[in-house]
Amino acid sequence: MSDPIGASVRRGGGYDRVTGRQKYVGDLHLEDLLHVKLVHLDVARARIRSIDTTAAAAFEGVRCVLTSADLGQPAPRFGPVYEDRPILALGETKYHGQPVAAVAAETKAAAEAAAELVRVDYEELPGVFTVAAALDPASPIVQEPELRPDDPLRRTNTLRERRYGWGNVDAARADLVVENKRIIARVLKLPLASVRIIAPDSGGAFGGKQHPKYEPLVAVLAQRTGRPVRLVLTLEETFQEVRRTSCEIHARTGFNADGTIAFQDIQSNFLMGAYADIAERVIAKSNYLACGPYRVPNARIIARALLSHTTPSTAFRGFGTPQVAWAHESQMDAAARQLGLDRVEIRLRNLARKGETFVPNDTPADGNWAESVRKAAAAIGWGTPLGPGHGRGIAVAIKESATTGASYAIVRLHWDGSATVLAGTSDMGQGARTVLAQIAANELRIPVESVRVVMGDTAVVPFDLQTSASRSTVFMGQAVMRACQDIKTQLGYDSPPLGEGRVGVSSTDLTDLLQTRFGAVRGEVIGVGSMRREYLAEHPLGEMASFYEFSCTASEVAVDPETGEVALVRHVTVADVGKAINPQQVQGQDEGAAVMGLGHTLMEHLILDDRGRIKNLGALDYRIPTSKDVPLEMCSLVVENADGPGPYGAKGAGEGGLMPTAPAVASAVTEATGVVIRDLPLTPERVWQEIQRHERGRQAGSDR
């Protein structure tokens, strides 16, 4: 049989997903199940005077109506970093759609009808909805100061200010300056051993499901009623649950005459929303690499995490990197135009070389990043003639990988030569189950079909920190590999030919080896493995990067000057993956990330009215890319140098395709039209307006 590593093994469970046979939480049927409906106010910020649940509680089939007043004093709060989020609105609502009550009933219809009977007396209050308002000392304070009594910023809307830097920006000379489970246990007052989480394979998450939002609420309802409960959000409610962190970035970059960077001076203001969630970590990690993958001798970076009366933000694919990449790549293009340099060349002159330290006291560059840029440029046809209205762009981005954490795996090699892998990772469509099976099959030298991977039940699988940060192949993959190596040590063989075991100088079939070992009683060999990276208090992020996720994107667009519509003609992504354990899945991840990046580049944005309410809730008013928006020529390439810390030199590769998409497309739009756009998304209206403004300026200049 062929080597499973580097083979595009068919994804386990993929057929069920694409045919609609996959069962999600909403498809599960439990005996005595109660259905939950949330109660919201159609305002962003409001003082709650009273909540009358009498009629709702009396409605036929209702078993529990819950408000914050029912949760005891002090009311429990939760959060992955700051414990600032109440289970239900406490005293006032902080954002549009924040739940103020929850109804549990025998049927979905009864829960919905009873929720309509909850009466809330409230007073709408002015709120903070923009970066400017959050920085204004005269604005209302979003978070209660007593939640962080020792914080000197507690009476402002700045939750945290991060400062990074090296060299001396003020003294630097430049020829050109471009400016421009634990939570549920605590809430229920239970030991961890008394909490069991069973998580069937979820739909796509991309960060939004990383940390609890409504899990404490349904846990409390289940505890109160003694019944299983289910909460399935409507599409409108999901828009109000969580979002990506929005930001404004002010960058001032100095360049030498040869195009090399002299300094970077960056100020970032990230609007986190009403509660901290994990957004402060997003800001810390992304701005730590705000200078990008470049050699920058002098840097000053100030990043603020701002609170507002808007939907809380959280982790999202790229973890803040798309925002900072938009800034540093826009600066690179501006410098190339003003210095008369090619946009590819200016990047090649500044990219850190493999083994070179580009952020002081951190992991050196771990890949040949220039190779990725050259590959992307060649694939897009850089330098060849373009038709009217066409343009090409290129951009790079880099993300700090998972820094700390632990993953544990157990592998059971059964007497018949098959194996079971127990892993705490979740498979939400990224293909972790298949990759872990490939690793185990390769290490034990058995067919992939003989490996079963079990996930999603904390009573069965060992601990894994989380499924995030493109870490599963590296962290859990290493844990599985080491568990298999533990088995081989116990059996006394080391990587025999596929389907065989080797003991001393003799060779025997693996099944015979196991049956000889166990005899008629039978049995199994159990291996345990882990990967851990400890916390370092002296490092700004807790530990150096285990690897960098580097990506390069090149795009060709066609722009209609009469309408401003931007059409993608060709799109190329190049991922530095170390080793592609399953090339087809890597391609799927990279192309999926690229399409997601096209969404926030061309069309996706939340629209708030002047009262902070989301106006484009739902699929009709919030556009996402469809097959019509994806270019027919889409190419995903990889660079494999086996230079990662994962199995066989692998690195994570789930986010890179998204990170440089926006600046690459915007660069192409600039070449096609001559206009420079600093804000996203690049909607037809925005592009058309900029074209008209550019034309008026050009005509005014010619009239002088």
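Its first residue numbered -7, the sequence shown is counted upward by one per residue in my numbering.
Quick reminder that beta carbons are idealized off the backbone N, C-alpha and C, glycines included.
This one's a predicted model, so the numbers in the text were calculated from it and none came from an experiment.
With DSSP as the reference, label residue i as helix, strand or coil.
i, result
"Asp697", "Outside the shown range of the chain, which is -7 to 696, sits residue 697, and nothing can be said about it."
"Thr555", "coil"
"Lys100", "helix"
"Tyr7", "helix"
"Val520", "strand"
"Leu109", "coil"
"Thr302", "coil"
"Ala243", "strand"
"Tyr640", "helix"
"Val54", "strand"
"Val497", "Because Val497 sits at a pLDDT of 28, beneath the cut-off of 50, its placement in the model cannot be relied upon, and the following sentence gives the value as read from the coordinates. Here Val497 sits in coil by DSSP."
"Leu490", "Residue placement at Leu490 is poorly supported in this model, since its pLDDT is 39, which falls under 50; the coordinates still yield a value, given next. Leu490 falls in the coil class under three-state DSSP."
"Glu548", "strand"
"His88", "coil"
"His686", "helix"
"Ile(-3)", "coil"
"Gln577", "helix"
"Arg69", "strand"
"Asp142", "coil"
Locate the alpha helix (DSSP H) running through residue i, then write down its first and last residues.
i, result
"Cys476", "469 to 483"
"Ile294", "It is not in any alpha helix (DSSP H) - Ile294 instead sits in the beta strand (DSSP E) that spans 291 to 299."
"Leu227", "227 to 233"
"His597", "From DSSP, His597 is part of no alpha helix (DSSP H); its letter is neither H nor E."
"Ser322", "313 to 331"
"Thr369", "With the sequence shown as reference, residue 369 is identified as Ala, and Thr is not the correct amino acid for it. Where Ala369 is concerned, the enclosing alpha helix (DSSP H) stretches over 361 to 372."
"Ala126", "123 to 127"
"Leu609", "From DSSP, Leu609 is part of no alpha helix (DSSP H); its letter is neither H nor E."
"Arg509", "502 to 510"
Where does the unbroken beta strand (DSSP E) through residue i begin, and where does it stop?
i, result
"Asn342", "Per DSSP, Asn342 belongs to no beta strand (DSSP E); it is in the alpha helix (DSSP H), 335 to 342."
"Lys29", "26 to 31"
"Val446", "443 to 446"
"Lys391", "382 to 392"
Going by other Cβ atoms of all chains shown within 10 Å of its Cβ, with 16 needed for buried, is residue i buried or exposed?
i, result
"Asn342", "buried"
"Gly697", "Outside the shown range of the chain, which is -7 to 696, sits residue 697, and nothing can be said about it."
"Ala369", "buried"
"Pro285", "buried"
"Ser(-6)", "exposed"
"Gln482", "exposed"
"Gly83", "exposed"
"Gly312", "buried"
"Leu590", "buried"
"Arg436", "This sequence places Leu at residue 436; Arg is not what is there. Burial call: buried."
"Gly496", "Legend: pLDDT at Gly496 = 36, less than 50; position of this residue unreliable, no value from coordinates given."
"Gly604", "buried"
"Ser131", "buried"
"His242", "exposed"
"Asn290", "buried"
"Ala271", "buried"
"Gly469", "buried"
"Glu535", "buried"
"Tyr527", "exposed"
"Lys86", "buried"
Does the beta-carbon distance from residue i to residue j come in below 8 Å?
i, j, result
"Thr545", "Val564", "yes"
"Glu392", "Tyr156", "no"
"Ala96", "Pro78", "no"
"Ile700", "Ala411", "The displayed coordinates of the chain run from -7 to 696. Any statement about residue 700 would go beyond what the structure contains."
"Val549", "Ala559", "yes"
"Tyr114", "Ile40", "yes"
"Thr675", "Met588", "no"
"Leu80", "Pro91", "yes"
"Gly570", "Ile683", "no"
"Gln579", "Gly646", "no"
"Pro208", "Leu25", "no"
"Leu333", "Gly251", "yes"
"Ala126", "Leu299", "yes"
(message) With three or more beta-carbon pairs closer than 8 Å as the criterion, would you say the region 0 to 13 touches the region 418 to 429?
(response) yes
(request) Assess, as a yes-or-no matter, whether the region 654 to 661 is touched by the region 382 to 400 under the definition of 3 or more beta carbon pairs within less than 8 Å. (result) yes
(message) Three Cβ pairs or more, each shorter than 8 Å: is that satisfied between the region 305 to 317 and the region 255 to 266?
(response) yes
(request) Assess, as a yes-or-no matter, whether the region 433 to 443 is touched by the region 7 to 22 under the definition of 3 or more beta carbon pairs within less than 8 Å. (result) no
(request) Flag this pair as touching only if the region 472 to 479 and the region 398 to 407 have three or more C-beta atom pairs under 8 Å; answer yes or no. (result) yes
(message) Contact between the region 273 to 292 and the region 221 to 233 is defined here as three or more beta-carbon pairs at a separation below 8 Å; is this criterion met?
(response) no
(message) Within 8 Å, do at least three Cβ pairs link the region 423 to 430 to the region 321 to 330?
(response) no
(request) Spell out a yes or no on whether the region 357 to 365 and the region 626 to 645 are touching, meaning 3 or more CB-CB pairs, one atom from each, closer than 8 Å. (result) yes
(message) Three or more C-beta pairs under 8 Å: does that hold for the region 602 to 622 against the region 116 to 132?
(response) yes
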